[in-house]
Structures are given as structure tokens and as C-alpha cells.
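The opening residue of the sequence shown carries number 1 in the UniProt record's numbering; numbering runs sequentially from there.
By construction, the Cβ of each residue, glycine as well, lies at the ideal position given by its N, Cα and C atoms.
Note that the structure is predicted; figures quoted are calculated from it, not measured.
Following: one structure in C-alpha cells, then a few remarks.
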Amino acid sequence: MLTGRRYRLEFDAGQKLLAERIAAVCRSAWNTALEQRRAYRRRGAFIGYAEQCRQLAEAKKEFPWLAEAPAQVLQQTLKDLDQACRRHGTWKVRWKSKTRQAPSLRFPTPKHIPVEVINRRWARVFLPKLGWVRFRLSRPLGGAVRSATVSRDGEHWFISFLVEDGQRAPQVHARPDAVVGVDRGVVTAAVTSDGEFFDRRHATAFGVSSSEPPEESMAARADDRGYLSAGEAERYVRLQRRLARAEKGSARRARVVCALGAIMGRVRRRRADFTAQVAHRLTRDYAHIVLEDLKVRGMTASASGTAAAPGARVAQKSGLNRAILDKGWYGLEVALRSAARYTGSVVSAVPAAYTSRTCSVAACGRVDAKSRESQALFRCTACGYVEHADVNAAKCIKAREQAAGPVVSGRGDFGGARVGEASSARSTARGAPRAAA
Ligand SMILES: [Zn+2]
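Next comes the structure, spelled out in C-alpha cells:
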């Protein structure tokens, strides 16, 4: 199966600069080629990958700086653009910006990027134009390299190898009948219908019991699942204030942006680590994992289920929090689908409107907002059933999937198919992960 392996590269100062320049060349190739495609479209014509490649080769004679980038990396840029335009349309594809996107280079052919293991701890990779670069073998490569992407995250450069690990997907999950519904709790990151709580709360981050964080910390709650420690959250807020005061284009501003990026990078890595662990646990234990479908959620769900105080800021905040939550949730879904390939699990998504106020007892099923007594407690107004509110919601999610019919599990790759179901609306929710909307 194809899998990813990411390592931190030990570029020297010269290599860092060169990588930055190569990325700039690719960025300008992308932007020029995109503009060219649009110009053609405006006059009702079309230009494709092959022709753009040919013109690029021509342009290299005239603009020697283009040759600073490895030929295959430049070509890959045009290929990526071609794919993006096919998928999203020429007008929806975005410009590459120096400030908004981290620089990244794709090396498509393994024979141009040989990897050598130096010893138990270190390996090195040869990158065209950049030369040999060492990286710490934090884990074994575990297979044949198919391609690699070199990118910068904050101040460090990383290499992500696409590796064929030679493993085969199991036909059937070890526990073929185990089904679980997963709800994203308001306080806990993920809650299962079996009453398991997955939480990644960093040390003394804003706790459940602690009083509401001060108003200003709301920005720092940019990661309100508690991936930030209290100290980091404080620093984040301070930096944001400093950013607001810094003059545009100043060196001071650049420093602040860099420091903010470092904090958020840490958050991203913690989140990725957390979702990978949850995904591993869930796919190991369950043949079928049911999530809520985010695409339909936005239309129905209320901000959080707590009584929100009036005022624009609150609305703004909950909007932000929800966006962040969605992001984390999407990450979990991607991690689950990836891990599911190794266990034969099936991941599916169901519309989850009103799960927070629906009684999960099959014979009851009463929908009543009053059943949600508090953030944590669900007490059905009809049958008196008492359960943790998030667990109740997870049970509802599981029940909705089961009401939709049996699923054939263990198809190896992403997801499975429902018996007698045309692969229509539902299969889109289960297809290969796509970029978040
Ligand atoms: Zn009930």
C-alpha cells in the first residue's frame, strides 16, 4: 500500500536559500502558466500541459534563472497545475503566493532522488540541484520510494516520501461485526457510542472545570481542543497584539509572523499526532466507523448547544471555533480512512442533524431540545433515558448508519459499498479524501 513518511531535512544555509529560490521559480512558473491558461480561455481557446511544457523548455533559453529549478520539479509544477485546472476549473485555481503558501517542491521520479541509509539513525537523500541532504531516520522508510515532496514548515524543511510498503489490505476486519458511532464532543475531541472519550488536552490548557478563559484568549482558542499549553496560548495572544501594531512589510512584523507560525506549527503536529492515535485505536477495534457528515452539518447544527450570550463577538467566536473544529474533524476523517486501509475497516459518514437532541433509545427516538439538560447531560423528556450527551449523540450516529442498511466491509481501499446501493450520493461521502471545502 502507498503510505507517507515525513522526515526533517538538515539543509545547510546555502541549501536553504537555494531551496527557497527553486520554490520561487516554481511559484512563478505556476502563476505564469495559470495566467496563460486563463488568457487562452478568455479568447475561447485552450492550452494544455504538453504545449506548456514545450514552451517552458523554450523559455529556459531566454530566462536562465528558470534553469535554477530541477527540470522534473518544474514539469511537475505544470502537471500539478494541469490537474488542478481539470479538477476545479481554470478560474477556481488559486495563484501561488509567497506569503500565503509554504514553499514546496515535488520530485516525481524515484531514480532522481536516491536514498542512502548511513547508519541506524541517519540517512541521506540526493536532491537534484541541491545535492546530498541528511535526515534523521526517526522511523524506518519501510519500502520503496515512489516520489518525494520537499517543503518548509516554519523554519525547518521536511521531506515527505511516498512509499510502497508492500503490505496488503486484509479482506475482512478482525472483528467484522464491531460498529461504532463517533461524535465530536464540545468538550472532548471525539466520543464513541461505546462511551469512550478521546481527548488531547495539553497540560493546563483551558480545562473543562476551569473558569472561562478571558475574552482576549479567544484568539488563542484558535485551537480550542487544547493543543496549546496555557503558556503558549498566552504567548500567542501577546504576539497577535504585537502583530496588530507592527508596520506592514517591516522586519519586526516578519519576526512576529514567524513566531506565530512556530506556535501554530506545533499545534498542527500535535493535532496530527492525536488524530493518528485515535484513528489507530478505532480502526483496530472496529470494522465499521460511522462519523457525522460535515457537508450537511453546517445547514442544521447550532453553534454548540450551550446558551450563547447575545452579541456579535459571540457569534464570531462560535463561527471561528466551529471552523477550527471542522478542520480537526476533517483531519480525523482523513486519518481514519488512511488507517482503515490496514485493518479493512469501513469509514462512513451520515447526516447528523439533531443528534444532540435525539434520544438514542431505538424504541423512543424522541427529538426534543429540552432533553439536552446541560453540556454534558442528556435526559430524555419522553422515556427518561440518561446518558452523557456526547455519547448519546454518538449512539444516534451509529443508529442512523444502521438504519441505512448493511455495509460490505473489507474492500481494502477507502470505504466499502452498501448492499444493493447505487454508488450515488453516499459514496461521495466515503470516497477518497478531498480538500476541505
Ligand atoms: Zn427517549
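In the DSSP output, which residue or residues are listed as bridge partners for residue i?
i      : result
Arg379 : Val386
Ile289 : Val180 and Val347
Gly131 : Leu127
Trp122 : Arg136
Phe198 : Ala190
Arg372 : Phe378
Thr358 : Val367
From which residue to which residue does the alpha helix (DSSP H) around residue i run?
i      : result
Ala190 : Where Ala190 is concerned, there is no enclosing alpha helix (DSSP H), although the beta strand (DSSP E) it sits in stretches over Ala190 to Thr192.
Val73  : Ala71 to His88
Thr149 : No alpha helix (DSSP H) contains Thr149, which is instead part of the beta strand (DSSP E) from Ala144 to Asp153.
Val115 : No alpha helix (DSSP H) holds Val115; the beta strand (DSSP E) holding it covers Val115 to Val117.
Glu232 : Ala230 to Arg245
Leu56  : Tyr49 to Glu62
Arg38  : Ala13 to Arg42
Which residue from the options puts its Cα closest to that of residue i?
i      : options                           : result
Cys85  : Leu130, Gln36 and Ala376          : Gln36
Glu20  : Lys129, Ser193 and Leu228         : Lys129
Ala174 : Arg366, Val391 and Tyr342         : Tyr342
Phe135 : Arg5, Arg284 and Ala335           : Arg5
Ser356 : Asp183, Ile47, Gln75 and Ala363   : Asp183
Phe158 : Glu247, Glu196 and Lys16          : Lys16
Pro114 : Lys92, Trp91 and Arg146           : Arg146
Thr90  : Arg270, Gly48 and Trp122          : Gly48
Glu401 : Cys359, Gly166, Val391 and Ala352 : Ala352
Gly328 : Val346, Pro64, Ser348 and Ala279  : Ala279
Arg337 : Gly384, His288 and Val361         : His288
Leu18  : Lys111, Gly131 and Lys248         : Gly131
Arg27  : Leu294, Asp80, Glu58 and Leu2     : Asp80
Gly249 : Ala50, Thr99, Trp95 and Glu62     : Thr99
Gln375 : Asp12, Val391, Ala349 and Gly384  : Val391
Leu2   : Ala57, Leu74, Val367 and Ser160   : Ser160
Nearest-angstrom Cα distance between residue i and residue j?
i           : j      : result
Leu228      : Arg241 : 18 Å
Met264      : Ala69  : 30 Å
His88       : Leu162 : 24 Å
Glu164      : Tyr286 : 25 Å
Glu10       : Phe126 : 12 Å
Trp30       : Arg43  : 20 Å
Glu116      : Tyr7   : 14 Å
Ile22       : Leu291 : 41 Å
Glu196      : Cys396 : 15 Å
residue 442 : Ile118 : The first residue shown for the chain is 1 and the last is 437, placing residue 442 beyond what the model contains.
Cys359      : Gly365 : 5 Å
Ala144      : Gln76  : 20 Å
Arg245      : Ala251 : 13 Å
Phe274      : Glu155 : 23 Å
Arg379      : Lys398 : 19 Å
So the beta strand (DSSP E) residue i belongs to, where does it begin and stop?
i      : result
Ser160 : His156 to Glu164
Gly365 : Where Gly365 is concerned, there is no enclosing beta strand (DSSP E), given that its DSSP letter is neither H nor E.
Glu10  : Leu2 to Glu10
Ser104 : Ser104 to Phe107
I'd like to know if the region 232 to 241 and the region 251 to 261 are in contact, where contact means that at least 3 CB-CB pairs between them fall below 8 Å.
Put simply, the region 232 to 241 touches the region 251 to 261. At least three CB pairs are less than 8 Å apart.
Closer than 8 Å is the cut-off here; do at least three beta carbon pairs connect the region 134 to 149 with the region 169 to 182?
no
Looking at C-beta atoms only, is the number of pairs between the region 148 to 161 and the region 99 to 114 that lie closer than 8 Å three or more?
yes
Within the structure, which residues are defined as neighbours of ligand 2 by a Cβ-heavy atom distance below 6 Å, reported in chain order?
Of the ligands one can find in the structure shown, namely ligand 1, none is ligand 2.
Touching by the beta-carbon criterion (3+ pairs, under 8 Å), the region 179 to 195 and the region 33 to 53
Short answer: they don't touch.
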